[in-house]
Each structure stands twice: as C-alpha cells, then as structure tokens.
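Quick mapping for you: the protein sequence lines, in order, are chains P and Y. Numbering (this note's numbering) for the first sequence: 1 to 127. Numbering (this note's numbering) for the second sequence: 1001 to 1141.
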Amino acid sequence: MDARQVSEWDDFIRCVDGTDAAVAQFLRAEGLTAFHGGEELALTAVRAVLGWWDGLDPTVRSAISFSGPGLSAAATTRLGTIVAESGAVTSAGLAAADVAADMGLFLGTLLPRFDIGFLAGASAGCL
Amino acid sequence: MAGTALAPVAAYCLMARRREGNVTSFGDMFARDLSQRAGLVVEAAAFADRYRVGGHLDDLQAFVGALDQVSRDSLDAVVADGIDLTYAADDSGSHIGLPGGPFLALAAAARLPLSTVLAEAQESYQVALHDMRVDGCAPGV
C-alpha cells in the first residue's frame, strides 16, 4: 500500500485530467505557480473562480469570455480582487491584497488560454 | 396649415438654439456637459437624437440596475480596461445583447467603468433637456 498521502489538490487534478487533459495540465503548472505552490489556496481559488463565474449575469459572463484574452494585467488583478472578495478567499499568513494579487495572476494566465466555461466544464463533478 | 406654421418652432427646438452666437443642438449641449462632467471626449453627432440617447440610457439603466454588485463590478472592470463591447459576440457569433449603444464605446475609450459613464450621462441628459426647456421648447419636442 502506498503510504504517500494524496492531497485534495492532486485528487482534483486527477479528476480534471479525466475530463480535459489540457485544463488539468494548465492547473497543475500555472495553478500552483500563481499561488506559490500552495495547494490549499490554489484549490480554494479555483472554487472561488467557479463560484464567481456561476453567479455572474449571463451577459456579463459572455462579455468576459469575449474580452478575456485581451484584458490587461490591471484588469485581471481587479477581477482577481472581485473574485477573492466575493468568494471570501483567505489564506493564513497572506494579506487580503496578496491573495487578490495571486488570484489576478491566476486569471491573467487562465483567460488567454481558456474560457472559464472550459474550466467549469472540466471541473464539473471534481470539486 | 397648423403643421406648417409650427414647423419653424419645432425645427428650432429639435435642431438648434442660439446661445452666445453659437447654434447649439441637444447633442451639443449633452456632449458639452458630459465632457465637462466626466472629462470625456464626446462627439456631439453621435448623441444628436435625444430620443435615441434617452432610449440607450433607459435600456442601459435597466440592464445595469438589475445586475448584482459582483456582476456590475466585473463588467465595469472589463469596460474600464478599454474593451469596447459594442460588437461583442458569443461563441456562436451572436451579439451578446448588451445595451447602451454609443455609451459602450464611449466608456471604453475613456477607460471608465460603464456604471460611472451611465450615471454621468444621465445627469448630462437631464441638463441638456433642462436647457432646452429653458429656451421655451416643450419637453416633448
């Protein structure tokens, strides 16, 4: 029996991998980079992004899908702040502004690559 | 013949008024006030038709007013980044249905939140209407 503990993040990535390998690869690499290797925060952040996305007005969601690849770092940071605040994302030892900045960094790498709807579809049933 | 007799007055009210030697239309008044109020570059010709302007503002207010805070803030973040959503389309190529007409491009060009531009434009609309009434034009003209 493998005594190594499988983290919730690893579990999540493995599940996503079963649906969309490209999204899983992105999350494995960029997800952890944006959150400085913090798996717990990365998972919380993905949940927050999906919660934010799900709660958006459909027209606003379409507007963000349309503009996502072209958004500046300042705009993704602003969106990151909105996501972090609306999802009440916190992390021990990190200031709220740092969490928001990390969230913005994550969105800044995500949006040019994938529509958030892709992430939501690939993650469905994995969280 | 009554229609003919009223035509010059209606034309005056609809198209122009004379102030300090300059012919000023609704679009001019609206554009000037909005420029001063929000520091925007506003092209009067795009806002010449007060009914269309009023319609765009009403539609945009109905849309933005119905949004929850998070959706509104998110939309504002996109527009303030300079993204013009006038012709925004979804994956199927259909227009996403965002109202606001020329105010979408105006907010994007000014890099201001859409809700900010909407609020300022509503003020300017009222000012422009008021100025026309002061000049003796009936509100409905």
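Ideal placement from N, C-alpha and C gives every residue a C-beta, glycine not left out. Here the structure is a predicted model, which means the values were calculated and not measured.
Item: Histidine 1056 of chain Y, buried or exposed, once every other Cβ within 10 Å from all chains shown has been counted against 16; Value: buried
Item: Cβ contact check for the segment 70 to 82 of chain P and the segment 1079 to 1088 of chain Y: 3 or more pairs under 8 Å; Value: yes
Item: Contiguous beta strand (DSSP E) assignments of at least 3 residues, all confined to the segment 26 to 111 of chain P; Value: none
Item: The segment 91 to 102 of chain P touching the segment 1105 to 1117 of chain Y, judged by at least three CB pairs closer than 8 Å; Value: no
Item: Closer than 7 Å at the beta carbon, the chain P residues around leucine 1057 of chain Y; Value: The contacting residues do not exist; leucine 1057 of chain Y stays about 18 Å from chain P at best.
Item: N-terminal and C-terminal residue of the alpha helix (DSSP H) that isoleucine 1083 of chain Y is part of; Value: Per DSSP, isoleucine 1083 of chain Y belongs to no alpha helix (DSSP H) and is neither H nor E.
Item: Threonine 19 of chain P (DSSP reduced to helix, strand or coil); Value: coil
Item: Same chain, Cβ closer than 7 Å to leucine 1034 of chain Y, five either side skipped, listed in chain order; Value: Leu1040, Val1042, Glu1120, Ala1121, Ser1124
Item: Contact check, leucine 1098 of chain Y vs threonine 109 of chain P, beta carbons under 8 Å; Value: no
Item: Three-way DSSP call (helix, strand, coil) for alanine 124 of chain P in this model; Value: coil
Item: C-beta neighbour in chain Y for aspartate 11 of chain P, strict 8 Å; Value: no
Item: Alpha-carbon to alpha-carbon, leucine 1114 of chain Y and alanine 29 of chain P; Value: 35 Å
Item: For histidine 1056 of chain Y: DSSP bridge partner residues; Value: DSSP lists no partner for histidine 1056 of chain Y.
Item: Three-way DSSP call (helix, strand, coil) for alanine 1007 of chain Y in this model; Value: Reliability fails at alanine 1007 of chain Y, whose pLDDT of 44 lies under 50, so the model's placement of it is uncertain and the value that follows must be treated cautiously. In the structure shown, alanine 1007 of chain Y sits in a helix (DSSP, three-state: H, G or I).
Item: Glycine 1100 of chain Y versus valine 1117 of chain Y: straight-line alpha-carbon distance, rounded; Value: 11 Å
Item: Valine 23 of chain P and tryptophan 52 of chain P closer than 8 Å at C-beta; Value: no
Item: CA-to-CA distance, leucine 94 of chain P to aspartate 1090 of chain Y, given in whole angstroms; Value: 37 Å
Item: CB contact below 8 Å: alanine 1088 of chain Y versus chain P; Value: yes
Item: Check: glutamine 25 of chain P C-beta below 7 Å from any heavy atom of the ligand HEM; Value: Ligands displayed in this structure: none; no statement on the ligand HEM is therefore possible.
Item: Beta carbon proximity, phenylalanine 66 of chain P to chain Y, threshold 8 Å; Value: yes
Item: Contacts that threonine 59 of chain P makes with chain Y (C-beta to C-beta distance below 8 Å); Value: Phe1063, Ile1096, Gly1097, Leu1098
Item: Any C-beta of chain Y under 8 Å from that of alanine 74 of chain P; Value: yes
Item: Where alanine 1048 of chain Y sits in the DSSP three-state scheme; Value: coil
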